[in-house]
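Engineer: The structure under discussion is supplied below as structure tokens; questions concerning it will follow.
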Amino acid sequence: MEATGTDEVEKIKSKFMSAWHNMKYSWVLKTKTYFSRNSPVFLLGKCYHFKTDESGELSTDGSNFDKINAEISGNVEEFRKDFISRIWLTYREEFPQIKGSALTTDCGWGCTLRTGQMLLAQGLMLHFLGRAWVWPEALDIDNSDSESWTAHTVKKLTASFEASLTAEREPKILSNHHQGTLKRNCDDNEMRNEVYHRKIISWFGDSPLAAFGLHQLIEHGKKSGKIAGDWYGPAVVAHILRKAVEEARDPELQGVTVYVAQDCTVYSSDVIDRQCSLMDSGKADTKAVIILVPVRLGGERTNMDYLEFVKGILSLEYCVGIIGGKPKQSYYFAGFQDDSLIYMDPHYCQSFVDVSIKDFPLESFHCPSPKKMSFKKMDPSCTIGFYCRTVQDFEKASEEITKMLKSSSKEKYPLFTFVKGHSRDYDFASSPLHEENDLFSEDEKKRLKRFSTEEFVLL
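Just so you know, we're using the UniProt record's numbering here: the sequence shown kicks off at 1 and counts up by one.
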């Protein structure tokens with residue numbers, strides 16, 4: 001059947017907007033990020049020291065490694081390897097059309113969904129790979145020497161860079177005996193890790209079948225009144241991620257669940273119930289839990305009194321990051337140095353990668369360089385994430401975070417709380433919304449509606 005005139009207009013309009021956004025977000029201005037040599041750097045619970053006898057700043061792009069001693073170079077290298085190993089999810093173009101729209105890109109509107117994906121990806125990496133894992137090829141990714149580049153140019157540069165690395169790299173020569181021993185000990189583990197590395201990325205692919213891909217997240221978002229092209233806030237994305245994990249059918253994901261705090265309160269018994277719920281197979285085993293806590297760090301602007309708490313949270317190894325940003329731009333916060341937050345930026349438009357093919361390219365899913373932003377520029381709306389593998393881990397984490405909340409809070413009430421018991425044990429008045437048989441409960445829809453109006457400043 002031929003499309004109606006209105007449909008044709010919408011398609012043309014969508015193509016025009018996509019072309020504009022692709023041009024706008026594919027052109028990336030290269031900026032170096034500098035770190036102080038005299039202050040520790042924290043990245044998702046790990047601490048790195050770049051300290052030298054000399055004062056000054058240090059760039060993490062590797063451009064001045066020759067100016068500092070080998071020990072500090074090693075530490076910088078370890079930090080870069082750790083940062084690059086985190087999964088980076090950005091705007092994409094030319095992916096399969098989103099159901100119910102003519103959109104084939106999320107440029108200009110999908111950044112909070114992308115930062116939510118990055119947080120969930122970090123939780124899954126902790127679950128399947130552990131915090132110590134780093135991508136063996138992380139340092140093979142580096143920045144271009146040019147001032148800027150487009151998404152299509154990146155592919156060519158990456159290919160030529162890899163070719164040059166193959167020619168120039170000088171591997172350490174080991175004896176045949178050592179080579180054989182290392183191969184036997186490492187091959188199986190490395191192969192397993194690489195399988196999970198690729199599998200985790202494939203769950204976030206930009207195709208309708210990917211469990212946590214943009215298409216699926218938008219479908220879940222429809223239950224809260226959101227459609228493709230809308231702006232999403234951190235709290236709404238938290239609930240969408242929970243629904244996506246609940247609906248995931250991959251057997252590998254049956255051992256993971258997501259809990260979203262209610263009105264800045266984590267109800268311990270509700271979390272433990274989720275961890276102890278039966279898997280689809282009927283197997284009685286505890287699940288790992290990713291806890292998401294939507295909060296506001298102030299009124300119109302972020303309250304600087306919360307800085308020490310945010311730094312404390314990002315210094316915990318079971319922290320999986322923060323969905324936040326600055327007004328009209330969402331970032332994934334993963335660490336800090338002094339009063340600056342370290343983040344990954346989703347506002348780069350890259351070409352669609354088909355993750356269903358064997359050995360799909362991984363380079364575009366790893367960020368070559370960190371960025372920093374002053375804490376005072378942070379938008380107050382954000383969602384904090386934690387990962388707990390067992391019930392014991394959750395109980396330990398809740399105690400540790402509660403102490404941190406009390407010690408860092410200058411206000412009468414902490415930013416959020418852990419409460420014993422179930423949410424149903426407390427008397428909450430709820431005004432029913434329209435009856436709708438969908439994935440979200442009435443209380444959830446009420447909270448999402450409120451958060452959606454509060455978070456209009458975030459894209």
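For each residue, glycine too, the CB sits at the ideal point set by N, CA and C.
#1: Just to confirm the assignment: which complete alpha helix (DSSP H) runs, minimum length 4, are found wholly within the region 348 to 433?
#2: Would you mind giving the Cβ-Cβ distance between residue 270 and residue 422, rounded to the nearest angstrom? I have them listed as a contact below 8 Å.
#3: Below 8 Å between beta carbons: does that hold for residue 343 and residue 332?
#4: Just reading off the alpha helix (DSSP H) that residue 460 is part of, what are its end residues?
#5: Residue 100 to residue 119, Cα distance in whole Å?
#6: With distance defined between alpha-carbon atoms, name the residue in 272, 240, 88, 76 nearest to residue 460.
#7: For residue 413, which residues in the same chain have their Cβ closer than 8 Å to its Cβ, ignoring the five residues on either side in sequence?
#8: If contact is defined by three or more beta carbon pairs under 8 Å, each pair taking one atom from either stretch, is the region 352 to 360 in contact with the region 199 to 208?
#9: What residues are listed by DSSP as bridge partners for residue 344?
#10: Count the other CB atoms within 10 Å of the CB of residue 165; is the residue buried (16 or more) or exposed (fewer)?
#11: Should residue 251 be labelled buried (16 or more other beta-carbon atoms within 10 Å of its own) or exposed?
#12: Counting along the chain, where does the alpha helix (DSSP H) carrying residue 235 start and finish?
#13: Strictly by DSSP, which residues pair up with residue 218?
#14: Mark residue 191 as exposed unless 16 or more other C-beta atoms lie within 10 angstroms of its C-beta, in which case mark it buried.
#15: Considering only the alpha carbon of each residue, which of 76, 366, 50, 339 lies closest to residue 140?
#16: Nearest by alpha-carbon distance to residue 322: which of 393, 244, 123 is it?
#17: Given this structure, state the Cα-to-Cα distance separating residue 81 from residue 218, to the nearest angstrom.
#18: Who are residue 42's beta bridge partners in DSSP?
#19: With residue 326 as the anchor, note down where its alpha helix (DSSP H) starts and where it stops.
#20: By how many angstroms is the C-alpha of residue 114 removed from the C-alpha of residue 231?
#21: Can the beta-carbon of residue 329 be found closer than 8 Å to that of residue 91?
#22: Using the C-alpha atoms, what's the distance from residue 103 back to residue 216?
#23: Suppose contacts are defined by Cβ-Cβ distances below 8 Å. Is residue 375 in contact with residue 401 by that definition?
Structural biologist: This is what the structure holds:
#1: 391 to 408
#2: Counting from one through the sequence shown, the residue named residue 270 turns up at place 270. Counting from one through the sequence shown, the residue named residue 422 turns up at place 422. About 5 Å; that satisfies the 8 Å criterion.
#3: By 1-based counting over the sequence shown, the position of residue 343 is 343. By 1-based counting over the sequence shown, the position of residue 332 is 332. Result yes, Cβ atoms of residue 343 and residue 332 sit closer than 8 Å.
#4: Residue coverage of the chain in this structure runs from 1 to 459, which leaves residue 460 outside it and unanswerable.
#5: As a working mapping, residue 100 is identified with position 100 in the sequence shown. As a working mapping, residue 119 is identified with position 119 in the sequence shown. Their backbone Cα atoms lie some 27 Å apart in a straight line.
#6: Outside the displayed span of the chain (1 to 459) sits residue 460, for which this structure offers no information.
#7: For the purposes of this step, residue 413 is taken as the residue at position 413 of the sequence shown. Closer than 8 Å at the Cβ level, and outside the excluded window around residue 413, lies no residue.
#8: yes
#9: Looking up residue 344 in the sequence shown gives position 344. According to DSSP, which records beta bridges pairwise, residue 344 is partnered with 332.
#10: Indexing the sequence shown from 1 puts residue 165 at position 165. Note on residue 165: pLDDT 39, under 50, position unreliable in the model; the coordinate value appears next. Residue 165 should be labelled exposed.
#11: Numbered from 1 along the sequence shown, position 251 holds the residue referred to as residue 251. Exposed, by the Cβ-count rule.
#12: As a working note, residue 235 is residue 235 in the sequence shown. First-last of the alpha helix (DSSP H) with residue 235: 234 to 247.
#13: Along the sequence shown, read from residue 1 onward, the residue named residue 218 stands at position 218. According to DSSP, residue 218 bridges with nothing at all.
#14: One-based indexing of the sequence shown puts residue 191 at position 191. Burial call: exposed.
#15: By one-based count along the sequence shown, residue 140 stands at place 140. Nearest C-alpha to residue 140: 366.
#16: Within the sequence shown, numbered from 1, the residue matching residue 322 stands at position 322. Looking at the Cα atoms, 123 is the closest of the given residues.
#17: Taking the sequence shown and counting its residues from 1, one reaches residue 81 at position 81. Taking the sequence shown and counting its residues from 1, one reaches residue 218 at position 218. Going by the C-alpha atoms only, they are around 32 Å apart.
#18: For the purposes of this step, residue 42 is taken as residue 42 along the sequence shown, with counting starting at 1. Answer by DSSP bridge pairing, in chain order: 47, 336.
#19: Locating residue 326 in the sequence shown gives position 326, where the first residue counts as 1. Premise fails: residue 326 lies in the beta strand (DSSP E), 319 to 326, not in any alpha helix (DSSP H).
#20: Within the sequence shown, the letter at position 231 stands for residue 231. Within the sequence shown, the letter at position 114 stands for residue 114. Roughly 12 Å between the two C-alpha positions.
#21: Here residue 329 is taken as the residue at index 329 of the sequence shown, counted from 1. Here residue 91 is taken as the residue at index 91 of the sequence shown, counted from 1. No, the Cβ-Cβ distance between residue 329 and residue 91 is not below 8 Å.
#22: Here residue 216 is taken as the residue at index 216 of the sequence shown, counted from 1. Here residue 103 is taken as the residue at index 103 of the sequence shown, counted from 1. About 14 Å.
#23: For this step, residue 375 is matched to residue 375 along the sequence shown. For this step, residue 401 is matched to residue 401 along the sequence shown. No, they are not a contact pair.
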